[in-house]
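What follows is a short report on a single structure.
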Amino acid sequence: MTTPSAIPPLTIGHLARVLASRAGQPMPALRCYESLAALWIRSCDTGLPGAGVLRDMTLRAGRRLAAGEDTLIAPEVDRIPNRLARDESFVRMPASLAVQGVEWQDAVLLARTWLEGRDWSGPVLVAGVRTGGAYLAPLVAAGLEAAGVDVRVASVRAGERPEVGDRRVLLVDDPPLTGRTLLTLAREVPGAAGAEVLVPVFEAADVEGLHQAGITVTVLPREQWQSIRRLEPDVLSAYLTAEADWPRAEGAPVVDGLVPGRENSALIPWPGVRRRSPARAALRLRTLGGIRHAVAGWVPPGIFGDAARAAATALRSPLPPATLAVAPSLVVTEDLVPTAALGPEPPPHLLEEAMDYVLARAQQLPVEPARPGRSIPTVVRTVAQALTGADEESSAALLQRLLSVLGPALPDNRCEAEKWFLDHGGRLRKTGHLAHPYRRDNELLTPLLDLAALAVAFGGGLEAVVQSLGRRLPGQFWYSALAVALLCYGTARGGQLPRTYNAQRAGETAVEAYRLQRGMSQAAAVVQHMLTDTVGDRAVAAPGVVHRWARQPGALVEPRLPFGGTPAAALEPGPTGEETELTLKAVTQWTEGGIFHPVREGNTLLLAPLGAPSAWPRAGEALVELARLLPRPGLLGWCGVPVVSLSEVG
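In this text, residue positions in the sequence shown follow the working numbering: the first is 112, and each later residue adds one.
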C-alpha cells in the first residue's frame, strides 16, 4: 500500500516558496495571480515594506490573465520579501472565491458592466475591500485599463484612507451580506470625486441599503457568474468533454441531460441547499453500463480549490458520494438522495461507522507537519482566554499541544447533523465531503475537530466519542483533547448556524445549537479542571461553568463559550407531572402565534425562532409573555436556544 502524499497547508510561506522555486519559469496564470494577490494582501495587513511592488506585480499578472493568457512567468525571487517565505500564517481565503462561486472572469465582466453604464470619464481608484475585494480589484482594474481608463489600484479596510486625489473611488468587494462595510467605506474613503460600489450579488436586494443611501452601485447578478453559466446544459457537456478527468476503467461517459427541477441550484433552489452555497446541477450520464445519475458541483478553479480536488481524488470511503470525475472548476459525484433522516437518537453502530470514516480520511488526506513559527490559531487563544480569564501564552500553547495528539489532516467541514443521512438500504451516508479550508476551525487541521463534531451530530455527547476513540486508539487519554476540540469547533460553528428558517430548518438548527451549548459546557468543565491542575496552586480566574442562563446572551440562537451570562437558579425540585402537563399546554398555546417552533430534545423543549434575525427583538419580547404562562417562570432558560425545562437542564 502506497503512502499518500502529504497536502501542504495553504500558508503565506508555502505560496511564497512555490513562487520562488518557479522564478523565471512558466506557471499556470491563475495560480500565479492568486498567489501574488495573497502575498500583496498579507503585506497590506501587516504593513510590510514591499506591498507596493507586490501590488504592481499582481496588477501585471491580472492584465495578462484578463487578456486570456494561460501561463505566466513567475517573478524573480528578489521581488518577493524574504519575510513572506517564513510567514506560516494561513492564507485568508475570501468566501466569494473559496466557497460561493465567484471566479476571476466575473471581475472582468463586472468592469465591462461598469463601462457600459458609467457617467464618469475621469481617473479612478479601484479599491478592493480586503480580503475578498482585493483579489478581484486588480482584475477589475485590468478590464478598465483595456478600455483606456486611467486606473490605480489599492486595497482598503474600514478605518483606512488610501490616497485618492482627484480620482473617483470604485469599491470592489465580495457579494455583500448586509452592505454595512461597503456603506461605511463609501462614506469614509472618497475624495471630491465620490465613490461607487462594484460587486457581484446573489440577489438585487443585497445592495438595497446602498441604493437607499444614495450610493451608485454596479452589480453582476448571480445568473451571469461564470460558475453559474458553466452549468448550462450545452456548456456543461462541452466543458466536461474537454476538461474532466474520468476513471480509465469506465471511460468518459456522455452527458445525457440535466434532471428537470435540479438543473442549477443557484437558479432553481434545491431542498436543503442554502442560497449562498456553491452552484451544482444534477445530470444523467450515459455509460457503457447504462444511465447513471450524478451531480456536478462547483469547486474553485485555482489554489483555493486544491483541497477540494485532493479530497475528491484521494478519499476512498463508502460513506461520501463516490467521485466520478474531476475538472478544474467542477467535481462530478454520484447522486445521493436521502431517504431517511439520521434521527435524534441514532443507533450506536452508526456512530462507529462515522468514527471509522473520520479516522480513515485522516490517513488518506494527511497534511504536511507545521513548520517552525506557526502561530497559535485565533480560536485556540479565544478558548484559552475564556477558560483562564487571562491572555496567557502558556495556556493557549497547552491547548494547542492537546489538539496535536492526532496528526494533522484535511478536515472536510461537513461532520454536521444535517449532512448525515440514511440511504434506501438504511446505510449511513454523508454529503458535502469536498474540502474548502476556509472556516476558522480549519486553521487547526486536525481530525479531532470532526470527531468532536460527531458528539453533536449523533447526540451521544462527548463521552460516547471518547469511548469509541479509545477502543480504536488505546493508550491515550482522549477526553481532554476532544474537549478542547469541541470548544474550538463550537466557538467557530456557533457563529455560522443558519439564520433564516422554515420550521424544519429552524428545528434542526435549534437542536444543533442546544447540543453545542450543552457539549461546550461539559467540555469547558473538563478543560478548566485540567488547567487548574496544570498550574498547581494558582486558582483559575475565570468564573465557573454554567449550563444554562436566565436570559439569552445577545442572540436567540448563538451557542457561546459557557462563561458570562446570568446563571439561572437550579430547579429543585424539578417539574412535577402536573406541572409538565401545564407546561406543554402553555407552550403549545403560546407557539400558535407562529413566532417560535417547539422541538422536543429529551426532557427539554427547544424554542426555535422562525423569523430572520431582524425579527428576533420582537421574538425576545414574546418570551416574557411565555414566562408568565408557565407554572414557574424559572422553567424558561437559555442553552444555545431558548429552552423550557420539563426536567432540569444539565
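Beta carbons are placed, not taken as given, at the ideal position from N, Cα and C, and that holds for glycine.
Just so it is clear, the structure is predicted and the values come from calculations on it, not from any experiment.
Does the Cβ-Cβ distance between V300 and E271 come in under 9 Å?
Yes, the Cβ-Cβ distance between V300 and E271 is below 9 Å.
Taking the Cβ atom as the reference point for each residue, do P389 and S428 lie within a distance shorter than 9 Å?
No.
Return helix, strand or coil for E762, following the three-state DSSP convention.
Look at the range of the chain in this structure, 112 to 761, and you will see that residue 762 is not part of it.
Just to confirm, is the Cβ distance from L165 to L150 under 9 Å?
Yes, they are a contact pair.
Under 8 Å, with one C-beta from each stretch per pair, do the stretch 507-516 and the stretch 593-608 reach the 3-pair mark?
Output reads yes: the stretch 593-608 touches the stretch 507-516.
Tell me which residue opens and which closes the beta strand (DSSP E) that I402 is part of.
Element bounds for I402: G401 to W409.
Going by C-alpha distance, which of A730, A636 and W701 is nearest L667?
Nearest C-alpha to L667: A730.
Hey, A451 and G572: beta-carbon distance below 9 Å or not?
Cβ atoms of A451 and G572: not closer than 9 Å.
Any idea if P585 is buried or exposed, counting beta-carbon neighbours within 10 angstroms, 16 or more meaning buried?
Its Cβ having fewer than 16 others within 10 Å, P585 is exposed.
Just to confirm, are V366 and L342 a CB contact at a threshold of 9 Å?
Going by C-beta atoms, V366 is not nearer than 9 Å to L342.
Report the three-state DSSP secondary structure of F415 (helix, strand or coil).
In this structure, F415 counts as helix in the three-state DSSP scheme.
Can you check the stretch 478-559 for any beta strand (DSSP E) of at least 3 residues that lies completely inside it and give the ranges in chain order?
Fully enclosed beta strand (DSSP E) runs of 3 or longer: 531-533 and 539-541.
With a cut-off of 8 Å, do at least 3 Cβ pairs link the stretch 119-138 to the stretch 188-204?
Output reads yes: the stretch 188-204 touches the stretch 119-138.
Taking the C-alpha atoms as reference points, what is the distance between D102 and V310?
The question about residue 102 has no answer here: the residues shown for the chain are numbered 112 through 761.
Can you give me the Cβ contacts of E314 inside the same chain, cut-off strictly under 6 Å, excluding the 5 residues immediately before and after it?
The answer is none, since no qualifying residue turns up.
Decide yes or no for the touch test of the stretch 635-645 against the stretch 484-502: beta carbon pairs closer than 8 Å, at least 3 of them.
Yes, since at least three Cβ pairs between the stretch 635-645 and the stretch 484-502 fall closer than 8 Å, the two stretches touch.
With 16 other CB atoms within 10 Å as the buried threshold, where does R743 fall?
Classification of R743: exposed, given that the 10 Å Cβ count is below 16.
Just list the residues that DSSP pairs F201 with in beta bridges.
Answer is T122.
Give the DSSP-derived three-state secondary structure of A269 in the structure shown.
Residue state, collapsed to three classes: coil.
Of the choices G400, R395, A418 and W701, whose alpha-carbon is the least far from that of A793?
Residue coverage of the chain in this structure runs from 112 to 761, which leaves residue 793 outside it and unanswerable.
Which first and last residues belong to the beta strand (DSSP E) in which T398 is found?
Where T398 is concerned, the enclosing beta strand (DSSP E) stretches over R391 to T398.
So L296 and V267 are supposed to be a Cβ contact under 8 Å. How far apart are they, rounded?
L296 to V267, Cβ: 6 Å. Contact.
Buried or exposed: T434, going by 16 or more other Cβ atoms within 10 Å of its Cβ?
Answer is buried; the Cβ neighbour count reaches 16.
Give the DSSP-derived three-state secondary structure of R278 in the structure shown.
R278 falls in the coil class under three-state DSSP.
Alpha carbon to alpha carbon, what distance is there between T643 and A650?
Note that A650 scores a pLDDT of 47, beneath 50, so its modelled location is shaky and nothing firm can be said.
Judging by CA-CA distance, which residue of A218, L321 and R279 is the nearest neighbour of A304?
Taking only the C-alpha atoms, the option nearest A304 is R279.
If we count the other Cβ atoms within 10 Å of its Cβ and call it buried at 16 or more, is N193 buried or exposed?
Exposed: under 16 other Cβ atoms inside 10 Å.
Curious, which full-length beta strand (DSSP E) runs of at least 3 residues does the stretch 412-476 contain?
Listed in chain order, the complete beta strand (DSSP E) runs (minimum 3 residues) inside the stretch 412-476 are 434-437 and 441-445.
Under the three-state reduction of DSSP, which class applies to A353: helix, strand or coil?
Three-state DSSP puts A353 in a helix.
Within 10 Å of its beta-carbon, does D648 have 16 or more other beta-carbons around it, so buried, or fewer, so exposed?
Because D648 sits at a pLDDT of 46, beneath the cut-off of 50, its placement in the model cannot be relied upon, and the following sentence gives the value as read from the coordinates. The residue is exposed, with fewer than 16 neighbouring Cβ atoms inside 10 Å.
So, using beta-carbon positions, are L545 and P522 closer together than 9 Å?
No; because the gap between Cβ atoms is not below 9 Å, this pair is not in contact.
Below 9 Å between beta carbons: does that hold for P558 and A603?
Contact: no.
When the Cβ atoms of the stretch 206-215 are set against those of the stretch 126-139, are three or more pairs found closer than 8 Å?
Contact between the stretch 206-215 and the stretch 126-139 is absent, because fewer than three Cβ pairs lie under 8 Å.
Please return the same chain residues whose Cβ sits closer than 7 Å to the Cβ of W231, not counting the five positions on each side in sequence.
The answer, listed in chain order, is R279.
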